[in-house]
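Everything on this sheet refers to the single structure shown next.
4 protein chains.
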Amino acid sequence: MRSNIDLIGQEPGRTFTETARRAQIMAAAIDTIAEVGYGQASLARIAEKATTSKGVICYHFDGKEELVREVVAELVARGAAYMRPRIEAESTGAGMLRAYVESNLAFLRENRNHVVATVEIVLNARGADGRRHFETGPGAASVAALRELLAHFQAAGEFRSGFDPLVLAMAIRAAIDNVAHQLVSNPELDVRHHARELADLFVHATSPREPSEGAGQ
Amino acid sequence: MRSNIDLIGQEPGRTFTETARRAQIMAAAIDTIAEVGYGQASLARIAEKATTSKGVICYHFDGKEELVREVVAELVARGAAYMRPRIEAESTGAGMLRAYVESNLAFLRENRNHVVATVEIVLNARGADGRRHFETGPGAASVAALRELLAHFQAAGEFRSGFDPLVLAMAIRAAIDNVAHQLVSNPELDVRHHARELADLFVHATSPREPSEGAGQ
Amino acid sequence: MRSNIDLIGQEPGRTFTETARRAQIMAAAIDTIAEVGYGQASLARIAEKATTSKGVICYHFDGKEELVREVVAELVARGAAYMRPRIEAESTGAGMLRAYVESNLAFLRENRNHVVATVEIVLNARGADGRRHFETGPGAASVAALRELLAHFQAAGEFRSGFDPLVLAMAIRAAIDNVAHQLVSNPELDVRHHARELADLFVHATSPREPSEGAGQ
Amino acid sequence: MRSNIDLIGQEPGRTFTETARRAQIMAAAIDTIAEVGYGQASLARIAEKATTSKGVICYHFDGKEELVREVVAELVARGAAYMRPRIEAESTGAGMLRAYVESNLAFLRENRNHVVATVEIVLNARGADGRRHFETGPGAASVAALRELLAHFQAAGEFRSGFDPLVLAMAIRAAIDNVAHQLVSNPELDVRHHARELADLFVHATSPREPSEGAGQ
DNA sequence: TATGAATGAGGGTTCATTCAT
DNA sequence: TATGAATGAACCCTCATTCAT
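Chains as they are written, first to last, in my numbering: chain A, 1 to 217; chain B, 218 to 434; chain C, 435 to 651; chain D, 652 to 868.
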C-alpha cells in the first residue's frame, strides 16, 4: 500500500530532485506511521521503507519533527482543498453538515494512509517535555471552523437551539478521526457506510424538530 | 495530582506488601502517562515518580506491558462497577443512554488521571511489530456492550430505526474518550458541561421522531 | 599510564560499587582525554579504555557533561589540598609566590594525566551554543585567588607597586597551564626545571628593586 | 564582526575568482571558529556563515584540515609582517622584548577574530588519532624565534643571566595567547592594558639588576 | 524478597567527505 | 567549474530488560 504524494509543481526554493525526494520520503513516513504507529516509526524504519538511510532523511528534512510537520501540513492543505468545494456546493445547514462528514470520510477513503498517519501524528507527537506538538482540542483550526459552521446555522434557525456548537464540533471530529484510527487494525472497515451513518447521526442530532424522549427524563 | 489506587482487598496469591507496592507503582505509572503521554512514559520516569528504580518495577510487574495491562484492567473494572448501577437504574432507552454518557464522564471527573492514562495506553500501546495491544474498534468489549444496549432499544422501538448501532456505539465512545484526551492539554475543560451536552446530543440523534431535514439532502 | 583516582572514602549516598565504578570510569576518561584531547575523547573511546560500554558510563554519570565536570571538580579539590599547606607554610610574598608555582607544578608532575585532562577540558568544553562550560578568565576562582595573594603583598610593599595583580595572575596561570598543555606532545618535558624557572621568573617580575632598563624605553 | 582577509595579490596557479572564493570561505571559518570554538565549528556552520554549502568548501579546500591550515598560515605571515619591523626598530633587548609583546597584542587588537581563531585551532586541532596538527611547544617556530632573541641579549648581558630562554619564551607566548583566548568569553577585555602590563612584566623579569628576595628563600 | 548494576540495541542527529551531474 | 545530493560512520543518550547479590 503505497502512498501517493504528488506535489503539484515544485515548492519554491527547491530543486526538482529535492522536491521529488522529499515526496518520496514523506510517502515512506506516511506508510510507516500508518502501519506501525507513530511511536514505532523510527527514522530507521522510515528510511528502510524509502530504501535510503537515516542520513538522507535528515539531510532533506532537518529532523524528524519537520518531516512529521510536513506530512501533517500537506494533508491539511489537501483535505481542505478536497472538502471545501463540496461543502460550499450546499446551501442548507443540514446539507453542509452532511457534506462535511461525507467529504471528509471520502477523502479518508481516497487517502487512507495519509489520513491515518496524520491522526496518529496529531494524537501522539509530543516534545521531550510531554507537551503535544499539535492542537486537537477547542483551539484547533479544524474544530474552530466546524464550530463556526454549526453556530451559524444554529443562529439562523436551521439547527435546533440549545446545543453547544463547540462540544458538537469536537464530537464530530472525534467520530471522524476515530474511523481513521480504526482503519489501522480493521482495514476492511466500510468507510462509505460509516460516512453515511455518521452524517445521518449528526443531522438528526441537530434537527430542530423536538424529539419525544419518552417518560425517562 | 496523585492517583488513588486503592485495590479493594488483596489480590490472590500476593502478600500485603506486594499488593501495596504494585498499587504504588501503578499510581506512579498512571500519573506519569497522564502527564507526559504514553510514548514519553518510560520506566525510568515512572520509577522516578514512584521514588524507586526500574528494577523494582520489573521485579513486580514482569515488564512494562504487564504494568500497563494492569492499569487498564483496573480501570475497566472500576469503570464498570461505577457505571453499571447507574445505567441499570434507568428503565427507558433514552434514560440508559443518557446515564451511560453521564456516568462515564462523571467517572472521568472523579478519576481523571486514571482515565486519561488508560485512553493514552489503549490508543497508543503497540508491540515492536506495530500491532496494537488493545482493541478499541468494533470488537472491543466496551463498544460491543454499548452496541447491544442501542440495538436492544432500537428493536424495542424506543430508538429510531435506521441507524447502525455499531457505528453509533463507536461514535459515542470516540466522543467520550476524546474528552479524556483533551483533558491532557486542557485541564480546565468543563467535563460536566460536556457530559450534559453529549448526552443531549446522542439522545437527540436516536430519538424516533422523524426530523425535517430541509430541502438539502 | 593509568590514572589513579583513589577517592578517600565513599561519597555520600553512593554504594561502594558505585563509587568504585565512577572512579574507574573517571580514570579512563582522564587518560583518554589526556592522550587524544577533549574533542576526540568520545564516550565510546572512554568506554573502551574502561573496558565497558557507553551505556555503563551513562548509567553512572548521566551524561558526558557530568563525567567531565566531575573530573574537573575532583582535580580542583585535590590540587587545592596539595597546594594550600605548601603555600601557607611560607611567610613572605616571594616565598608564597614561589611555593604557588612550584607546588602547582609538583602537583602536575604527580598527577600528570589528571591535570592535562583538566586543562584540556577547561579550555575546550563548550555547549552546543559555543559558550564555554568553564571559566578560565578574570572571573575564574583560581585566578581570583592568585590575584588576591599578589594584591595583598603588593599592598604590603613586598612586591613592587605598579603592576596589575589581575594581569599577572592571568599570566602566571597561563604559563603554568601551558606546561600541562605541552606535556601532551612532549612527555619528556622537564617539569621540575620549568617549575624552578617559572618561579624565578615571576619572583623577579614582582621584585620591588627597581631594575635599570637601559636606554630603550 | 566580519573578518577581513585581503590576500595581497593572487596566489600562484589560482584564478582571481578562485582566490576570492577561498578568501571568503576563510573569513567565514575565522569568524565561526572565533565565535563558537574550534570543536563546534563544523563545515556546515562555516558554510552557513559563508552562505554556501559544505560541498563548495570541500571543492575549494580539499578538506577541513587544509582550510584550517591555510587560516593559520595566513595569520602567521601577516603577524610576522606586522611585528618584525616594529621589533627591529628597537636597538636594546628590553626595547625589543617590549616591542614584541606590544606589537603582538596590537596585532591581536586589529585582527581579533583571526588571532582568536588561530589560537583556537592551534591549541585544539588534532587528527583522528589524537595527535596535534600544530606544534606550540619548544619546537614551534614562534617560540624558537623568541627564544633566540632572549638568548641573544642574555649573552650580550642586557638581560640577567640565569634564566632559561626557552622557558621564558614559552611563558611569554602562553601569556600572550591567553589574552586572545580570553577574548572569546570576554570581549570587553582591555587588550591595550594587558599589552602594557605584560610588557612591563617581562621586562622586569629579565632585568639584570639583582632583586632582593627578602628572607624567605 | 528486593535492588543496584549492567546490558546492548536502538533512538535521532551531525559529521567530513565523495560523487554525479 | 561548481554544486546539490548522498553517504555511512560516529556522536551522545535512553530504552526495557536481566542478572548477581
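By construction, the Cβ of each residue, glycine as well, lies at the ideal position given by its N, Cα and C atoms.
Cβ of residue i within 8 Å of any chain D Cβ
| i | result |
| --- | --- |
| C/R643 | yes |
| C/F593 | no |
| C/L501 | no |
| C/V601 | yes |
| C/H548 | no |
| C/E647 | Per-residue confidence for C/E647 stands at a pLDDT of 43, beneath the threshold of 50, marking its modelled position as unreliable; no derived number is given. |
Where residue i falls: helix, strand or coil (DSSP)
| i | result |
| --- | --- |
| C/R543 | helix |
| A/R45 | helix |
| D/R673 | helix |
| C/R643 | coil |
| A/R192 | helix |
| B/R343 | strand |
| B/R377 | coil |
| A/R98 | helix |
| A/S103 | helix |
| B/T335 | helix |
| A/A50 | coil |
| D/T683 | helix |
Delimiting residues of the alpha helix (DSSP H) encompassing residue i
| i | result |
| --- | --- |
| B/Q257 | That residue, B/Q257, is in no alpha helix (DSSP H); it is neither H nor E in DSSP. |
| B/N395 | P382 to S402 |
| A/E74 | K64 to E88 |
| D/A795 | A792 to A806 |
| C/F568 | Counting along the chain, C/F568 falls outside any alpha helix (DSSP H), and DSSP gives it neither H nor E. |
| A/G13 | No alpha helix (DSSP H) contains A/G13, which DSSP labels as neither H nor E. |
Residue i at chain C interface by Cβ criterion, 8 Å
| i | result |
| --- | --- |
| D/G714 | no |
| D/A825 | yes |
| D/A800 | As written in the sequence, residue 800 of chain D is Leu, which differs from the Ala given in the question. So, not an interface residue. |
| D/F682 | The sequence given here places Asp at residue 682 of chain D; Phe does not occur at that position. Chain C contact via Cβ: absent. |
| D/E725 | no |
| D/A695 | no |
Alpha carbon of residue i to alpha carbon of residue j, nearest angstrom
| i | j | result |
| --- | --- | --- |
| A/K64 | A/A27 | 14 Å |
| B/K271 | B/A261 | 6 Å |
| C/A609 | D/A757 | 21 Å |
| A/P208 | A/L168 | 15 Å |
| A/E148 | B/V360 | 30 Å |
| B/P355 | D/C709 | 59 Å |
| D/I684 | D/P838 | 15 Å |
| A/G39 | B/V336 | 15 Å |
| C/E522 | D/H784 | 41 Å |
| B/F278 | B/A373 | 46 Å |
| C/H586 | D/P816 | 30 Å |
| A/N111 | A/V68 | 17 Å |
| C/L517 | C/Q458 | This sequence places Met at residue 517 of chain C; Leu is not what is there. Rounded to whole angstroms, C/M517 to C/Q458 spans 25 Å at the Cα level. |
| B/V318 | A/D200 | 20 Å |
Where residue i falls, given that 16 or more other Cβ within 10 Å makes a residue buried
| i | result |
| --- | --- |
| A/S91 | exposed |
| D/G746 | buried |
| A/G37 | buried |
| B/F376 | buried |
| A/F16 | exposed |
| B/T268 | exposed |
| A/A73 | exposed |
| A/H114 | buried |
| A/S212 | Confidence at A/S212 is low in this model, with a pLDDT of 42, below 50, so its placement is unreliable and the value that follows should be read with caution. By the neighbour-count rule (16 or more Cβ atoms within 10 Å), A/S212 is not buried but exposed. |
| B/R409 | exposed |
| B/E283 | exposed |
Residue-level contact to chain A via CB, residue i, 8 Å cutoff
| i | result |
| --- | --- |
| B/E252 | yes |
| B/M300 | no |
| B/S402 | yes |
| B/E414 | yes |
| B/G296 | no |
CB contact below 8 Å: residue i versus chain B
| i | result |
| --- | --- |
| A/A27 | no |
| A/R132 | yes |
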